[in-house]
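Asks: Each residue of the sequence shown is one higher than the last, beginning at 1 in UniProt numbering.
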Amino acid sequence: MIKINVAGVDQIVMALIRQLRSGDVAQNNVTACRLMLRLLQDNHAWLLGFPMLVATVAYAFGRLVLDHSRVPELRTQESELVVRLLRERFVECSMVGRDLVRMLQDVAKVPVFRDLWRDIMHRPRSISAQFEGVEQLLRVPTPRMFLANRLTFEMESRLLFILEQLPAVGYSRNLMWFVHRYLSTPESESLVSDLIRYIIGVFHPSNAVLASNIVPRYVFLGGLLRFIRSQVVAANAKLALFYDWLFYTPGADNIMSIEPGVLIIARSVDRYTYLTTSFIEFLGFAVDAYSPQLAPLMRKSVGLAMLDAVEKGVIPSIVPICEHPKLDPSIRRHMQQLFPQLVPAAADQTQPPAGDEVDGDDSAIFDGIPPLDGSEPLLPAVADAPSPTGEDKDAVVVLPDPLTPQPPRKLPGLKTPVHLRATATAASLDPVSRMFQDE
């Protein structure tokens, strides 16, 4: 059909690409990836005639590269195809928006991508005369079709059944089945971020669903987080959850993309304060460390995101959160710095001593990791970074460089929450499960 250019064949190819399962290294899925790759390589000139397909191929195979570290020849061919498309058709690929940067920083340590990453960060004009720099990409919200492409049709159908049909008091059994079906292997951990991005950016519930007892998105996301076992996956999951906050522009971004994060922060503070603490810490460190040269922009964007959420009634105010007696003073200071328009100075009269900083689990995320302003990615590649082992399971650890393994070290501060511990059992997760059922 491609040879005779049948009308609509590009849509068929796009649907077939969606069936290439992320986080699945079973032989049949690897074979499907190899066959699709060969089809695209053999019909490269035809591919370039469809801008949306070009962008879809670049993003989809860029995500699949993470899964194929044990199939080096396939990984190399996938990487070469993605780099070729980005260099030859960067304008088309840039339609993916900010999630293109998220994809590239995950694979930037793969040798084939290194030169491309350096050019994007330091010589953007060498990529395209219309490309002014990474900020240009980060300001563009990712269209739904690209985020949806990383979930198969079956997976999307199962997920939507939970989010559109099940009440909050009874969804946990289906969630456990979903996790067992799609997220039970170490390789499938790379899919967690794509799932979160789908729920954040693609599934926006109708008013009828919002007014019903159907499980809210933030409840489902909170339940999903408790199954994470790796510190690296936890870091990537938080980035996926709050990614739109860092570059939020009212009018361009959708308020529904930040609503789940707002509600998790607000509705966890009373009974599960460590969740609120963890997310506020993450935002506090991310605005300064994700990309230092963009720190003023990100700090402003995070403030605008919460201000927009309050103005549009997602929550009435964040002052009750900030003034909650269970919240540590250091977290209140973080909130006052992040949301100065919404948190009055009187909310926390305690003056921090010189050099006092919050040193919890998210400080480790950025400790020793190169920022997003050079040739290295901020976060290590999900597929390559090891998980904590032995006595370090419950310790806050520095995320290792996947190409230069480093021994984990303990840091003072918050203990790893039970839902993130590698030793978590069904019994230890029950309180968190109850929390999200009680909402």
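Note that beta-carbon positions come from the ideal geometry of N, C-alpha and C, so glycine has one too. Just so it is clear, the structure is predicted and the values come from calculations on it, not from any experiment.
1. For Gln41, I'd like the list of residues in its chain whose CB is within less than 7 angstroms of its CB, leaving aside the five on either flank, ordered along the chain.
2. Mark Ala108 as exposed unless 16 or more other C-beta atoms lie within 10 angstroms of its C-beta, in which case mark it buried.
3. Run through DSSP, which three-state label would Ile120 get?
4. Per DSSP, which one or two residues make a beta bridge with Asp308?
5. Please look up how many angstroms separate the CB atoms of Cys322 and Val343, rounded, as I've assumed it's under 8 angstroms.
6. What would DSSP say about Arg409, mapped onto helix, strand or coil?
7. Is the shortest distance between the beta-carbon of Ile315 and the beta-carbons of chain B less than 8 angstroms?
8. Exposed or buried, Val6, counting other C-beta atoms within 10 Å across all chains shown (16 or more means buried)?
9. Give the straight-line distance between the Cα atoms of Arg139 and Tyr248, rounded to the nearest whole angstrom.
10. Quick check: the stretch 159-170 against the stretch 128-145, are at least 3 beta-carbon pairs closer than 8 angstroms?
11. If distances are taken between C-alpha atoms only, which option among Lys312, Ala305, Ala345 comes closest to Val319?
12. Quick check: Glu187 and Gly23, are their CB atoms within less than 8 angstroms of each other?
13. Between the alpha carbons of Phe146 and Ala55, how many angstroms are there, rounded?
14. Return helix, strand or coil for Gly8, following the three-state DSSP convention.
15. Identify every residue that forms a DSSP beta bridge with Pro250.
16. When you compare only the Cα positions, how much space is there between Leu289 and Ala295?
17. Counting Cβ pairs, one atom from each stretch, are 3 or more of them under 8 angstroms apart for the stretch 182-198 and the stretch 207-217?
18. Could you tell me if the beta carbon of Met176 falls within a distance shorter than 7 angstroms of some heavy atom in the ligand COA?
19. Does DSSP put Met14 in a helix, in a strand, or in coil?
20. Which runs of the alpha helix (DSSP H) spanning at least 4 residues fall entirely within the stretch 154-217, listed in chain order?
21. Using the three-state DSSP reduction, which class does Asp394 fall into: helix, strand or coil?
22. Does Ile2 come out as helix, strand or coil in the three-state DSSP assignment?
23. Output yes or no for whether 8 angstroms exceeds the beta carbon distance between Met335 and Ile280.
Replies: Answer, in terms of the structure:
1. Reading the sequence shown from its first residue, position 41 is the one you call residue 41. Cβ within range, chain order: Leu81.
2. Stepping through the sequence shown from its first residue, residue 108 is reached at position 108. Burial call: buried.
3. Counted from its first residue, the sequence shown places residue 120 at position 120. If DSSP states are grouped into helix, strand and coil, Ile120 belongs with the helices.
4. In the sequence shown, the residue the question calls residue 308 occupies position 308. In DSSP, Asp308 forms no bridge with anything.
5. Within the sequence shown, the letter at position 322 stands for residue 322. Within the sequence shown, the letter at position 343 stands for residue 343. Contact holds; Cβ gap of about 5 angstroms.
6. What you label residue 409 is simply residue 409 of the sequence shown in a count that begins at 1. At Arg409, the pLDDT of 35 sits below 50, so the modelled position is not reliable and the matter cannot be decided from this model.
7. Going by chain labels, chain B is absent from the structure shown, which holds only one protein chain.
8. Residue mapping note: residue 6 aligns to position 6 of the sequence shown, counting from 1. It is exposed - the Cβ of Val6 has fewer than 16 other Cβ atoms within 10 Å.
9. On the sequence shown, position 139 is the one that residue 139 refers to. On the sequence shown, position 248 is the one that residue 248 refers to. For Arg139 and Tyr248, the distance between alpha carbons rounds to 8 angstroms.
10. no
11. The count along the sequence shown starts at 1 and reaches residue 319 at position 319. Comparing Cα-Cα distances from Val319 to each of Lys312, Ala305, Ala345, the minimum goes to Ala345.
12. Residue numbering aside, residue 187 sits at position 187 when the sequence shown is read from its first letter. Residue numbering aside, residue 23 sits at position 23 when the sequence shown is read from its first letter. Yes, these two residues count as a Cβ contact at 8 angstroms.
13. Against the sequence shown, residue 146 aligns to sequence position 146. Against the sequence shown, residue 55 aligns to sequence position 55. Distance between the alpha carbons of Phe146 and Ala55 is about 8 angstroms.
14. Within the sequence shown, residue 8 is the residue found at index 8, counting from 1. Looking at Gly8 - three-state DSSP - the assignment turns out to be coil, as it is neither helix nor strand.
15. Residue mapping note: residue 250 aligns to position 250 of the sequence shown, counting from 1. Pro250 is bridged to Asp253.
16. Counting from one through the sequence shown, the residue named residue 289 turns up at place 289. Counting from one through the sequence shown, the residue named residue 295 turns up at place 295. According to the sequence provided, residue 289 is Ala. The question's Leu does not apply to it. Spanning the two alpha carbons is a distance of roughly 7 angstroms.
17. A contact is defined here as three or more CB-CB pairs under 8 angstroms, and the stretch 182-198 fails this definition with respect to the stretch 207-217.
18. The ligand COA is not among the ligands present in this structure, which contains no ligands whatsoever.
19. Counted from its first residue, the sequence shown places residue 14 at position 14. DSSP places Met14 in helix when its eight states are reduced to three.
20. Taking only runs of at least 4 residues, the alpha helix (DSSP H) segments lying wholly in the stretch 154-217 are 172-182, 190-201, 207-210.
21. On the sequence shown, position 394 is the one that residue 394 refers to. Because Asp394 sits at a pLDDT of 31, beneath the cut-off of 50, its placement in the model cannot be relied upon, and the following sentence gives the value as read from the coordinates. Reduced to three states, the DSSP call for Asp394 is helix.
22. For the purposes of this step, residue 2 is taken as the residue at position 2 of the sequence shown. In the structure shown, Ile2 sits in coil (DSSP, three-state: anything other than H, G, I, E or B).
23. Along the sequence shown, one-based indexing puts residue 335 at 335. Along the sequence shown, one-based indexing puts residue 280 at 280. Result yes, Cβ atoms of Met335 and Ile280 sit closer than 8 angstroms.
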